[in-house]
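For reference, the structure is listed below as structure tokens.
In the UniProt record's numbering, the protein residues as written are 1 to 316.
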């Protein structure tokens, strides 16, 4: 897979303005994602910002205050915008800057836009209030809302000539997305419960006596919440270990971006592992200074080597 397409379209003033809008959205809202994206060269950074801004729009519909029917309508309207982008119908003077930027990025890079359809499908699962019986069920959801982002990002990153096993690059990008999403689910377990959502598989909840849910800062009576978190952390570590096989297939700065984002989430996962019940008291996070350090190490190649060694323990 090549990182760019020959004969790339010129970025006119309206397109540059659209990218600036998307970069502003990314800077305000992307959180952990933004630390990695800053490490990319300009064209890739802009394309990733366009992907983020569109994805943010989809997520905000799912998490917003509209009733379920209105959310479903808005999601289908957003899918229609995606269809216009895919069909080359978005002009530079379109009033939607996210559509303008994403349309330009999709002409410049081989972005598999179907991944955004999957993201919409995943958010529709949230709107329906879907729950998950087994890990396989949850993994299908995670592939939609996070694995898809990994595969979309790979379309921007590309793979380096001569890298081994590049036919599995999309698989690894998908798996890395699952690792990040499972970490998010553990981090947000109390917040999601307050919003009436449960993502952890009901089989796992039953196994550790946690089927009553997480409506308070303490585990349900008789629950082995620490055991549940340890079980899910081991699963996430194994996913990180597999997904990080993507790194040697990427160029230095794309690899640094992935290493930074993955490194931040891996540190977050380990913080959760150290104090499982902290996620019941509030959102566990890393200070900005620590995130910035991970990003700098990613650019230097440090995390590209060390994170792979660390995550290899997940297979043990």
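Using N, Cα and C, we set each Cβ at its ideal position, and we do this for glycine too.
| Asked | Found |
| --- | --- |
| Contacting residues, own chain, Cβ-Cβ under 7 Å from residue 112 (five flanking each side not counted) | 151, 152 and 155 |
| DSSP three-state assignment for residue 98, whether helix, strand or coil | helix |
| Continuous alpha helix (DSSP H) assignments of at least 4 residues falling wholly in the stretch 259-303 | 278-281 and 288-300 |
| Spatially closest choice to residue 114 from 77, 105 and 144, by CA coordinates | 144 |
| Cβ-based neighbour list, residue 120, same chain, cut-off 7 Å, excluding 5 preceding and 5 following | 58, 75, 78 and 79 |
| Beta-carbon contacts of residue 182 that lie in its chain and below 6 Å, excluding the five residues immediately before and after | 236 |
| At least three beta-carbon pairs within less than 8 Å, the stretch 227-234 to the stretch 159-177 | no |
| Residue 51 beta carbon less than 8 Å from that of residue 253 | no |
| Alpha-carbon spacing of residue 258 relative to residue 47, whole angstroms | 15 Å |
| Neighbour-count burial assignment, residue 216, 16 or more Cβ in a 10 Å radius | exposed |
| Cβ shell of residue 102 (< 6 Å), same chain only, five flanking positions each side left out | 50, 54 and 85 |
| Residue 141 and residue 129 closer than 8 Å at C-beta | no |
| The stretch 93-110 contacting the stretch 10-17, beta-carbon criterion three pairs below 8 Å | yes |
| Buried/exposed call for residue 204, threshold 16 Cβ in 10 Å | buried |
| For residue 31, the three-state DSSP class (helix, strand or coil) | coil |
| Boundaries of the alpha helix (DSSP H) in which residue 153 is found, first to last residue | 148-157 |
| Rounded straight-line distance, which links the Cα of residue 165 to that of residue 2 | Here the model assigns residue 2 a pLDDT of 41, short of 50, so the residue's position is not dependable, and the following value carries that caveat. One C-alpha to the other measures close to 15 Å. |
| Cβ separation of residue 189 and residue 208, assumed to be a contact under 8 Å, to the nearest whole Å | Actually they do not touch by this definition, with Cβ atoms about 13 Å apart. |
| Segments of 4+ residues assigned as alpha helix (DSSP H) that fall wholly inside the stretch 32-118 | 32-37, 42-63, 68-86 and 97-108 |
| Limits of the alpha helix (DSSP H) - the one that residue 218 falls within | Run containing residue 218: none; DSSP gives neither H nor E here. |
| Residue 195 classed as buried or exposed, judged by whether at least 16 other C-beta atoms fall within 10 angstroms | exposed |
| Minimum C-alpha distance to residue 72 - residue among 109, 146, 281 and 126 | 126 |
| Element boundaries [alpha helix (DSSP H), containing residue 130] | It is not in any alpha helix (DSSP H) - residue 130 carries neither H nor E in the DSSP assignment. |
| CB-CB length for residue 200 against residue 279, believed under 8 Å | Not confirmed; about 11 Å, so no contact. |
| Enclosing alpha helix (DSSP H) for residue 202 [first to last residue] | 202-207 |
| Per-residue burial, residue 305 [other beta carbons within 10 Å of its own, 16 or more giving buried] | Reliability fails at residue 305, whose pLDDT of 47 lies under 50, so the model's placement of it is uncertain and no value is given. |
| Boundaries of the alpha helix (DSSP H) in which residue 166 is found, first to last residue | Counting along the chain, residue 166 falls outside any alpha helix (DSSP H), and DSSP gives it neither H nor E. |
| Boundaries (first-last residue) of the alpha helix (DSSP H) holding residue 318 | Look at the range of the chain in this structure, 1 to 316, and you will see that residue 318 is not part of it. |
| Residue nearest to residue 92 in terms of C-alpha spacing, selected from 239, 265, 11 and 240 | 11 |
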